[in-house]
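**Student:**
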Amino acid sequence: MHQMAATFETGAATHTGKVRSLNEDRFLARPQAGLWAVADGMGGHEGGEIASAALMTALETIGAPASAPDLLARLEDRVLRANRQLREMSRARGGVLGTTLAALLVFDRDQACVWSGDSRIYRVRDGSIAQLTRDHSEAQEMVDLGLLTADEARVWPRRNVITRAIGVSDEPELEIHQGRVAPGDIFVLCSDGLTAHVADEEILAHVAGAPPQVACDDLIALTLERGASDNVTVVAVRCMPGPRAGG
């Protein structure tokens, strides 16, 4: 069996929230493949749930990769397949089925974040938190242009309008951020249902001091306490020093 340079401790939790009647978020945790993902579906009439589930079902078929490039290629292939499927379903239903994607890939010490939309990936290292993804949203574009501050963007009326998603166009637009994993790194994947209510520093405080599952449960509880206006999903991955046979 391939010797992974790290083993992983994973936590994951999702909740419909206090306003929505249906949870259109989905998550996937496959440490054996070095893959974790969050998807936030959109499309009304249960369409969002269908879209996020279709994407996760496609990603579930990724087996154990041979290398970091192989893992990335497998992910891109599954996203293309899911995108094609969603386009066909959209045509049949007469509406758009789409979903965000935030995926973390880890092979040995190589790491990649792959995303489309406004679901996020953070990394906690040496007591500080960094957002590795950049929202594909109208609000982020306004911030980039200097027309809104980050604080204003959080309450801007069009803050939920995303500029990219899987399923909305014939070719999915993915952005990729690659880096190296350090022992003890904690990655946090989440839907915008979390970041609408919880600040980055609060995410840091919860994940830095608790096991990943406890951190995820506590972050969901905090979101619910604050009104949970959307579905909320959190996945936390702590990368432990290796090597250990079998990953």
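Every letter in the sequence shown is one number past the one before it in full-length UniProt numbering, and letter 121, counting from 1, is 121. Note that CB positions come from ideal geometry on N, CA and C, so glycine has one too.
Does DSSP classify I220 as helix, strand or coil?
**Tutor:** I220: helix per DSSP, three-state reduction.
**Student:** Roughly how far, in whole angstroms, is the beta-carbon of residue 249 from the beta-carbon of L101, given that I think they are within contact range, below 8 Å?
**Tutor:** Limits of the chain in this structure are 1 at one end and 247 at the other, which puts residue 249 out of reach.
**Student:** Report yes if the CB atom of L72 is closer than 7 Å to the CB atom of A112, and no otherwise.
**Tutor:** Against a cut-off of 7 Å, the Cβ pair of A112 and L72 comes out as a contact.
**Student:** T16 to S229, Cα distance in whole Å?
**Tutor:** When rounded, the distance between both Cα atoms is 9 Å.
**Student:** Determine the DSSP secondary structure at H206, reduced to helix, strand or coil.
**Tutor:** DSSP places H206 in helix when its eight states are reduced to three.
**Student:** Go through its chain and collect everything with a Cβ distance to P65's Cβ below 7 Å, but skip five positions before and after it.
**Tutor:** Hits under 7 Å: A33, G34, L71, R74, F107.
**Student:** In the structure shown, what three-state DSSP assignment does I166 receive?
**Tutor:** It is a strand residue.
**Student:** Per DSSP, what kind of secondary structure is L148 in: helix, strand or coil?
**Tutor:** Residue state, collapsed to three classes: coil.
**Student:** With distance defined between alpha-carbon atoms, name the residue in Q178, V207, A12 nearest to R109.
**Tutor:** Comparing Cα positions, the closest option is Q178.
**Student:** Do R159 and A139 have their C-beta atoms within less than 7 Å of each other?
**Tutor:** For R159 and A139, yes; Cβs fall inside 7 Å.
**Student:** What is the DSSP secondary structure of S21, counted as helix, strand or coil?
**Tutor:** Looking at S21 - three-state DSSP - the assignment turns out to be coil, as it is neither helix nor strand.
**Student:** Where does R30 fall in DSSP's three states?
**Tutor:** Here R30 sits in strand by DSSP.
**Student:** Can you find the residues in the same chain that come closer than 6 Å, C-beta to C-beta, to E225, ignoring five residues on each side of it along the sequence?
**Tutor:** Excluding positions up to five away in sequence, the list is empty.
**Student:** By how many angstroms is the C-alpha of E141 removed from the C-alpha of E152?
**Tutor:** Using only the alpha carbons, I get a separation of about 13 Å.
**Student:** Hey, N83 and I162: beta-carbon distance below 7 Å or not?
**Tutor:** Not a contact, by the Cβ cut-off of 7 Å.
**Student:** Can you check whether the CB of T133 is closer than 7 Å to the CB of W115?
**Tutor:** A contact, by the Cβ cut-off of 7 Å.
**Student:** Starting from S52, trace the alpha helix (DSSP H) both ways and give me its first and last residue.
**Tutor:** Its alpha helix (DSSP H) spans residues 47-59.
**Student:** Along the chain, which unbroken stretches of the alpha helix (DSSP H) at least 4 residues long are found entirely within the segment 110-155?
**Tutor:** Qualifying alpha helix (DSSP H) stretches, in chain order: 138-144, 150-155.
**Student:** Note the first and the last residue of the continuous beta strand (DSSP E) segment covering L104.
**Tutor:** Run containing L104: 101-107, per the beta strand (DSSP E) assignment.
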